[in-house]
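The next block holds one structure in the form of structure tokens; read it before the comments.
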Amino acid sequence: MDPNSKVALVTGSGRRIGRALALALGDTGCRVAVHYNQSEQDANETASLIKAMGNEAITFKADLEDPTQVEDLATQVNEQLGPIEIIVNNASVFDKLGLKEVSAQELDRHFAINVRAPFLLAKSMNEQLTNGSPGKIINLNDWRKA
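When we follow the working numbering, the leftmost residue of the sequence shown carries the number 2, and every step to the right adds one.
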């Protein structure tokens with residue numbers, strides 16, 4: 002796939018690895034949907050850096066733990082940039098918890114963000130790509146150890 006002019010959504014792209022991936026996609030000519038939940042200033046900086054390269058970038062806020070917000074995110078990206086053609090599922094829960102401290106509620110939160118949200122985004126991308134062109138999905142997973 003030639004990424005030039007493709008719409009790429011990078012979840013959790015305000016900081017760290019997500020920012021680096023969003024910048025790399027922007028550098029290849031992608032129109033980048035910069036997702037964030039709490040890191041609005043960082044996401045705005047990421048988008049500004051992509052725009053400085055001469056490429057399009059828009060920030061989108063969504064809590065990936067909420068399935069309605071995940072579906073709204075995909076819809077908003079489609080409305081503002083076009084159908085999502087590349088998804089990088091980078092967002093992760095970054096709490097300092099060791100295995101002994103993880104509750105069932107915390108496990109459900111990790112599952113929602115690391116498994117359910119990527120599934121819902123993939124499903125939305127599939128629905129958006131009606132012209133038969135294949136989308137690309139990259140899934141990253143992380144758990145911060147105490």
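Glycine is no exception: its CB is placed at the ideal position from the N, C-alpha and C atoms.
Using C-beta distances below 7 Å, list every residue in its chain close to MET2, excluding the 5 sequence neighbours before and after it, in chain order.
LYS137
Buried versus exposed, by CB contacts within 10 Å (16 or more), ALA147:
Caution is warranted here: a pLDDT of 48 is assigned to ALA147, below 50, making its placement in the model unreliable, and the coordinate value is therefore given only provisionally. Exposed, because fewer than 16 other Cβ atoms sit within 10 Å of the Cβ of ALA147.
For GLN129, which of helix, strand or coil comes out of DSSP?
helix
Taking the C-alpha atoms as reference points, what is the distance between GLY15 and LEU50?
Approximately 11 Å between the Cα atoms of the pair.
Can you have a look at PHE120 and say buried or exposed, based on whether 16 or more other CB atoms are within 10 angstroms of its CB?
exposed
How would you call GLY19, buried or exposed, if buried means at least 16 neighbouring beta carbons within 10 angstroms?
buried
Contiguous alpha helix (DSSP H) assignments of at least 4 residues, all confined to the segment 24-104
41-53, 68-82
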